[in-house]
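Notes for the one structure printed next.
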Amino acid sequence: MKTLAQIISLGMLLAGSGCHEMDRSRAVDNPAVAGKTIALQVCSNCHGVNGVSVSPAFPKLAGQRKEYIVDQLTDFKTHARSDPNAKRFMWGFTHLSEAQIDELAAYFSSQKPALGESGDQSLIGEGKAIFVSGLPDKGVAACVSCHGQHGEGMNQFPRLAGQHADYIIKQLLVFQRDTAQRPRGEIMKEVCGNMSEQDMRAVAAFVEAFPPETEAAANPPADQ
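Residue numbers for the sequence shown follow the numbering used here, so the first one is 723 and each next one is one higher.
See below:
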């Protein structure tokens, strides 16, 4: 996992340079501009050209569910999603048309998912147990029920496989503490309401270690 200091430093740098300034400089507020052009000229600055971001401040979008991306871009556009990074980096995209949102979602969902990053095997093992079976004694449902056996996501439920662990933890905390920031988060509030931060770290470590679902079942890569 990347350190919090690294995340904050990069976030400040990008905030200073201004994602919105990059937006205006390329005149992508024109509804005639293709979604792929926006992805390559604007979104790539934070999420990578192919949707594989380097910093955990920004989620990996490669292979993400199209339906999920459409929902999130719509919530950014309408300012319904109000977590700090949404306000800082995404609220400026009110100009996106429905067609552009659909094209952006289609572009990133079609990109090859990133390989997982293995870490602490003890923590990963703990996370796998939660992902597959939940925490019955705490009333925490199994993640696999909505996010798929391989973390590939289903319909509006996002792909988790290979996602930055720090990003996963941050979103779980938002769902647990302030669902108003994530308007589609009521289900997740119930799921993670009784999770400890240790539980969250374990699940995040497990999903970050997932290889693409075409290469392995619900098992993280073994240490070399």
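All residues carry an ideal CB built from backbone N, CA and C; glycine is no exception.
Under a 10 Å Cβ-count criterion, His-769 is classified as buried, with 16 or more other Cβ atoms of the shown protein chains found around its own Cβ. The way I'd put it, the region 766 to 782 does touch the region 877 to 896; three or more beta-carbon pairs between them come closer than 8 Å.
The Cβ atoms of Ile-846 and Phe-897 do not sit closer than 9 Å to each other.
A straight-line Cα-Cα distance of about 8 Å links Gly-915 and Val-862. Residue pairing by DSSP leaves Met-917 without any beta bridge partner. Across the structure, Leu-795 and Ile-823 are spaced so that their CA atoms are roughly 7 Å apart.
In this structure, Arg-803 sits away from Pro-880, with a CB-CB distance that is not shorter than 9 Å.
For Thr-796, the enclosing alpha helix (DSSP H) covers residues 788 to 799. If only uninterrupted alpha helix (DSSP H) runs of at least 4 residues are considered, those enclosed by the region 747 to 776 are 757 to 760 and 766 to 769. In this model, Gln-903 and Asp-805 are separated by some 5 Å (Cα to Cα).
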